[in-house]
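Order-wise, the sequence lines are chains V and S.
All residue numbers for the first sequence refer to this note's numbering, where the first residue is 26 and numbers rise by one.
All residue numbers for the second sequence refer to this note's numbering, where the first residue is 21 and numbers rise by one.
The beta carbon of each residue, even a glycine, is placed where N, CA and C say it ideally should be.
Only a predicted model underlies this, so the values are computations on that prediction, with no experimental measurement involved.
First up is the structure itself, then whatever we jot down about it.
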Amino acid sequence: MTSASIEAQVLQPYKYGFVTEVESELAPAGVNEDTIRLISAKKGEPEWMLDWRFKAFQQWTKMTEPRWANVKYGPIDYQAIHYYAAPKPKKTPGSLDEVDPKVLETFEKLGIPMSEQKRLAGVAVDAVFDSVSVATTFKEALAEAGVIFLPISEAIREHPDLVRRWLGSVVPHNDNFFAALNSAVFTDGSFAYIPKGVRCPLELSTYFRINAQSTGQFERTLIIAEEGASVSYLEGCSAPMRDENQLHAAVVELVALDNATIKYATIQNWYPGDDEGRGGIYNFVTKRGKCLGRGSKISWTQVETGSAITWKYPGCILQGDDSVGEFYSVAVTSRRQQADTGTKMIHIGKNTKSTIVSKGISAARGQNTYRGLVKIMKNADGARNYSQCDSMLIGDQCGAHTFPYIDVRNSTAIMEHEASTSKIGEDQIFYLRQRGLKAEDAVSMIVAGFCKEVFRELPMEFAVEAQNLLSISLEGSVG
Amino acid sequence: MLEIRNLHASVDAREILTGVDLRVDAGEIHAIMGPNGSGKSTLAQVLAGHPAYAVTEGSIVYEGRDLFDMDPEERAQAGLFLAFQYPVAIRGITNAYFLRAAVNAVRKSQGLPELDPLDFLDVLQEKLKAIGWDDSFLNSPVNDGFSGGEKKRNEILQLAVLQPKLAILDETDSGLDIDALRTVAEAVNKLRTPQNATIVVTHYQRLLNYIVPDFVHVLVDGRIARSGGKELALELEARGYEWIRPEAVLG
Numbered sequence: 026m027t028s029a030s031i032e033a034q035v036l037q038p039y040k041y042g043f044v045t046e047v048e049s050e051l052a053p054a055g056v057n058e059d060t061i062r063l064i065s066a067k068k069g070e071p072e073w074m075l076d077w078r079f080k081a082f083q084q085w086t087k088m089t090e091p092r093w094a095n096v097k098y099g100p101i102d103y104q105a106i107h108y109y110a111a112p113k114p115k116k117t118p119g120s121l122d123e124v125d126p127k128v129l130e131t132f133e134k135l136g137i138p139m140s141e142q143k144r145l146a147g148v149a150v151d152a153v154f155d156s157v158s159v160a161t162t163f164k165e166a167l168a169e170a171g172v173i174f175l176p177i178s179e180a181i182r183e184h185p186d187l188v189r190r191w192l193g194s195v196v197p198h199n200d201n202f203f204a205a206l207n208s209a210v211f212t213d214g215s216f217a218y219i220p221k222g223v224r225c226p227l228e229l230s231t232y233f234r235i236n237a238q239s240t241g242q243f244e245r246t247l248i249i250a251e252e253g254a255s256v257s258y259l260e261g262c263s264a265p266m267r268d269e270n271q272l273h274a275a276v277v278e279l280v281a282l283d284n285a286t287i288k289y290a291t292i293q294n295w296y297p298g299d300d301e302g303r304g305g306i307y308n309f310v311t312k313r314g315k316c317l318g319r320g321s322k323i324s325w326t327q328v329e330t331g332s333a334i335t336w337k338y339p340g341c342i343l344q345g346d347d348s349v350g351e352f353y354s355v356a357v358t359s360r361r362q363q364a365d366t367g368t369k370m371i372h373i374g375k376n377t378k379s380t381i382v383s384k385g386i387s388a389a390r391g392q393n394t395y396r397g398l399v400k401i402m403k404n405a406d407g408a409r410n411y412s413q414c415d416s417m418l419i420g421d422q423c424g425a426h427t428f429p430y431i432d433v434r435n436s437t438a439i440m441e442h443e444a445s446t447s448k449i450g451e452d453q454i455f456y457l458r459q460r461g462l463k464a465e466d467a468v469s470m471i472v473a474g475f476c477k478e479v480f481r482e483l484p485m486e487f488a489v490e491a492q493n494l495l496s497i498s499l500e501g502s503v504g
Numbered sequence: 021m022l023e024i025r026n027l028h029a030s031v032d033a034r035e036i037l038t039g040v041d042l043r044v045d046a047g048e049i050h051a052i053m054g055p056n057g058s059g060k061s062t063l064a065q066v067l068a069g070h071p072a073y074a075v076t077e078g079s080i081v082y083e084g085r086d087l088f089d090m091d092p093e094e095r096a097q098a099g100l101f102l103a104f105q106y107p108v109a110i111r112g113i114t115n116a117y118f119l120r121a122a123v124n125a126v127r128k129s130q131g132l133p134e135l136d137p138l139d140f141l142d143v144l145q146e147k148l149k150a151i152g153w154d155d156s157f158l159n160s161p162v163n164d165g166f167s168g169g170e171k172k173r174n175e176i177l178q179l180a181v182l183q184p185k186l187a188i189l190d191e192t193d194s195g196l197d198i199d200a201l202r203t204v205a206e207a208v209n210k211l212r213t214p215q216n217a218t219i220v221v222t223h224y225q226r227l228l229n230y231i232v233p234d235f236v237h238v239l240v241d242g243r244i245a246r247s248g249g250k251e252l253a254l255e256l257e258a259r260g261y262e263w264i265r266p267e268a269v270l271g
């Protein structure tokens, strides 16, 4: 088996590429004040929300799309995208009986059963289909603990004070081009509020599904953990196989107050495009957490296997003294996928700590870039950062790139950085085959071992899924 | 069990094996000795099916099957085991997990149900006891950070767990101190049955004091120049390899 044939195997069909035939309500293509007004009206939003959207839109029209990332793609026609698509409900969705059964079937097929009998134990799920949340499980059980877990569109109506106070407080409406666009046109997403001292009794999870053609998905997630609260949240996503590129521009904001902990995990499996680079999702996402309180902690874990292009830097603003930020990432680029992903750790408070563990895996003609910024501000006495960036190459037509930026303005900071690049070796694969494992199982095992430090950060329920997903993404990478 | 005829093999277009003939039957232990570069390890790698080696001539029949029709994993599943001279590390995967995956791959190929972690642990403890080792290796990542001797020992643990029909030990003695050598050899001896066979590839006679071969073959310039009983190994120890070489050249 030569390295060329190791690489030749990265050709596993995308398992989630089906389309659900459902009658959709579609906003006219293009972004303008009418579109925004329509979205806001569909969601029954108060005036302040619409104003905020308009403000973001005004800013967006003055901004230019960022092109500094190490990815290549053609121009995006923002006026050709439909910014709102929703399956037509029988009535208004609210209970499962009113949701189109085909939509529920879709989630079932994706392994996210929503019905009372089958739903995942220990995990409350918010299921978002195109531009609307279709169902949220365990709402009542959570409410008993005082936890609010709702589609953000509902939260805007039912908890306007909370939303108004925190929305845009971490990612302002004019933060960057894609965040501004999202602020103008976001349709749904999840809202979670964990009150003081409450340890959220269930894992919270949102599953995002893009279904309709020529649409974009612009979801917005906001999670607030009050003093001493803790929550673990997981998002998953997938989309049909299409020749067109679809845009997904999400914003996620996390706020942790004194001694609060938020663990946020993503298993991203958007359609990656075909072997020649046709189709696939453009995943241009802004995710940021603010450790506002003393001793607070925000931990990002991401397993990025899908999307044609990923542009994503989940970061932490470590404002509270003794706060902790973590970033654990596995990014896989196979086929012709391109990923430019990493994190930003901004140390503001004293004795703040951050840990970055990034594992990039490139196969076939994938290009994988780690881009990270660690910034230690002037008053952040005793700040510490540990960064570890490992790259693994499978075959010889892929690429791995690392851009670690470090900006230290306080001499008491302690910074550690480790990096490695390895090639999955013929000898490793042969060794495992000599013990009876098939070549692709050998690759899976080597890759799983490589990613172990990240997988162990995932909630138990999803660690296995992540590992399987990785095997699927890389199946065929050896021959 | 194994019948090698006129085997020629090359790596990077350089011919290393130049016509090896060898027959191994169940219950036998064969030692393959020879100077550096004589092709001993190449023979071991070719038997296991390493893709870097090209077989240019000859045949190998293993358990009635043409070995060249079998992928490396099929050979392993059919009970052919190579204890590597240089075992590679697999980061992040524990020995216990790896061993179970290997055992289950073999079981699956035989249509047997796979063992779950708990059942497997029982099997493992039994094997460890049989060869008199503790379980300190099990939760370490495969060969990661192991010393040379530990890696070799780990190969023997795998041998014990997989219980192959034909075990090929490629320079398992190199890098072992005398105590480790003895433990490894004892383990190999305990695993010996009338149904399985072992090929011991080694430079030195030393290992053969502990694993006593039924046959000794001397490989020189890519073919077997001389075969004999265990006393041949002692003669090699006393006289070196040079005296055999002219004979090989003469044919």
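- Taking a Cβ-Cβ threshold of 7 Å, the residues of chain S close to residue 462(V) are 93, 121, 122 and 125, in chain order.
- If you look at residue 115(S), you'll find it in the alpha helix (DSSP H) that goes 115 to 129.
- DSSP, read as helix, strand or coil, puts residue 476(V) in helix.
- When the Cα atoms are used, residue 146(S) and residue 123(S) turn out to be separated by approximately 14 Å.
- Judged by DSSP in its simplified three-state form, residue 65(S) adopts helix.
- The Cβ neighbour count for residue 43(S), taken over all protein chains shown within 10 Å, is under 16; the residue is labelled exposed.
- No Cβ of chain V is located within less than 8 Å of the beta carbon of residue 168(S).
- DSSP, reduced to helix, strand and coil, places residue 212(V) outside both helices and strands of the structure shown, so it counts as coil.
- Taking CB atoms only, residue 477(V) has a neighbour in chain S less than 8 Å away.
- Taking a Cβ-Cβ threshold of 7 Å, the residues of chain V close to residue 104(S) are 456, in chain order.
- A direct Cα-to-Cα measurement between residue 203(V) and residue 271(V) gives close to 14 Å.
- Taking a 10 Å sphere around the C-beta of residue 208(V), we find 16 or more other C-beta atoms and assign the residue as buried.
- At a cut-off of 8 Å, the C-beta of residue 473(V) has a neighbouring C-beta in chain S.
- The contact set of residue 111(S) on chain V, defined by CB atoms closer than 7 Å, consists of 474 and 475 in chain order.
- Distance check between residue 102(S) and each of 149(S), 240(S), 69(S) and 198(S) places 69(S) closest, using alpha-carbon atoms only.
- Counting along the chain, the unbroken beta strand (DSSP E) around residue 367(V) starts and ends at 363 to 372.
- Listed as beta-bridge partners of residue 288(V) by DSSP are 257(V) and 324(V).
- Per DSSP, reduced to three states, the secondary structure at residue 412(V) is strand.
- Each residue's CA atom was taken as its position, placing residue 148(V) and residue 228(V) some 5 Å apart.
- In the DSSP annotation of this structure, the continuous segment of the beta strand (DSSP E) that includes residue 235(S) starts and ends at 235 to 240.
- With the criterion set as a beta carbon lying under 7 Å from some beta carbon of chain V, the region 191 to 218 of chain S has no members that meet it.
- Judged by beta-carbon spacing, residue 377(V) lies within the 8 Å limit of residue 408(V), meaning their Cβ atoms are closer than that value.
- Look at residue 493(V) here: in three-state DSSP terms it is helix.
- Annotation: residue 64(S) has no Cβ neighbours in chain V at a cutoff of 7 Å; minimum Cβ distance is about 11 Å.
- In the structure shown, the three-state DSSP call for residue 94(V) is coil.
- Across the set 245(V), 249(V), 240(V) and 263(V), the C-alpha of 240(V) shows the shortest separation from the C-alpha of residue 269(V).
- Between residue 439(V) and residue 176(V), the alpha-carbon positions lie close to 41 Å from each other.
- For residue 180(V), the secondary structure class from DSSP, reduced to helix, strand or coil, is helix.
- Under DSSP, residue 337(V) shares a beta bridge with 310(V) and 366(V).
- A residue is called buried when at least 16 other Cβ atoms come within 10 angstroms of its Cβ; residue 198(S) does not meet this threshold and is exposed.
- Considering only 72(V), 184(V), 46(V) and 186(V), the residue with the shortest C-alpha distance to residue 130(V) is 46(V).
- Spanning the alpha carbons of residue 259(V) and residue 87(V) requires a straight line of approximately 34 Å.
- If you draw a straight line from the Cα of residue 238(V) to the Cα of residue 75(S), it comes to about 54 Å.
- By the rule that beta-carbons nearer than 8 Å mark a contact, residue 108(S) touches chain V.
- As a beta-bridge residue in DSSP terms, residue 393(V) pairs with 364(V) and 425(V).
- Judged by DSSP in its simplified three-state form, residue 173(S) adopts helix.
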